[in-house]
């Protein structure tokens, strides 16, 4: 009985498992791997600062010397040319600035400035320093004077597009012994600027 039971059990086990082998061996399906694309990192577009430009400025000024305690609006027009050497930018600019700075005894009518600008090209931004000559018209004690002095300071321009720039400039303007008036005259100006590059 034992001899019959063992082959019968083996035959039954084969009958139960035979359908599993009927189709032959096949590898299990592997789901395709999902590949996530690399994130897109915006890259700031560089700016070529070479070329001429013209624009307008609106700002505020503070006086000292003959203009001590004077502070008021400034406004003007400017034009210039830059040359971009790669990381370094060099340029020149002529600016006319009207002024409302006055005290009870002195008034700064206007400034004309011839500026040398040297700066670092940071792509869409240009950070620069300024040195130059300044010519001023002023009334001191009811008498009109005019004299040449010097200007220096810092500024920044930002390229909104290939042709439109915005920026700001902080300049100190110094006139020692203004036109033999017996008074020194100085003014600090801070201006917001917008210009068109051509």
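In mature numbering (1 follows the signal peptide of the UniProt record, and there is no 0), the protein residues as written are -22 to -1, 1 to 176. We put the CB at the ideal spot given by N, CA and C, even for glycine.
Beta-bridge pairing of residue i - partner residues as DSSP gives them
i: residue 158; result: In DSSP, residue 158 forms no bridge with anything.
i: residue 117; result: 85, 122
i: residue 66; result: 98
i: residue 176; result: DSSP output for residue 176 lists no bridge partner at all.
i: residue 40; result: 49, 166
i: residue 80; result: 85
i: residue 60; result: 29, 69
Pick from the options that is closest to residue i, judged by C-alpha positions
i: residue 68; options: 113, 111, 107; result: 107
i: residue 91; options: 101, 158, 149, 156; result: 149
i: residue 66; options: 116, 103, 170; result: 103
i: residue 75; options: 176, 170, 175; result: 170
i: residue 160; options: 77, 109, 97, 125; result: 125
i: residue 95; options: 134, 64, 89; result: 134
i: residue 146; options: 105, 60, 122; result: 105
i: residue 71; options: 47, 123, 33, 122; result: 33
i: residue 101; options: 165, 87, 64; result: 64
i: residue 47; options: 165, 132, 172; result: 165
Beta-carbon gap between residue i and residue j smaller than 8 Å
i: residue 153; j: residue 120; result: no
i: residue 118; j: residue 167; result: no
i: residue 35; j: residue 57; result: no
i: residue 31; j: residue 143; result: yes
i: residue 116; j: residue 85; result: yes
i: residue 43; j: residue 49; result: no
i: residue 151; j: residue 89; result: yes
Spatial neighbours of residue i in its chain, beta-carbon cut-off 7 Å, leaving aside the 5 residues before and after
i: residue 62; result: 26, 27, 28, 99
Rounded separation between residue i and residue j - CA only
i: residue 45; j: residue 136; result: 32 Å
i: residue 113; j: residue 130; result: 13 Å
i: residue 80; j: residue 141; result: 36 Å
i: residue 175; j: residue 138; result: 11 Å
i: residue 52; j: residue 78; result: 6 Å
i: residue 155; j: residue 110; result: 18 Å
i: residue 97; j: residue 163; result: 28 Å
i: residue 172; j: residue 87; result: 23 Å
Cut-off 6 Å between Cβ atoms - residues of its own chain near residue i, not counting five sequence neighbours on either side
i: residue 158; result: none
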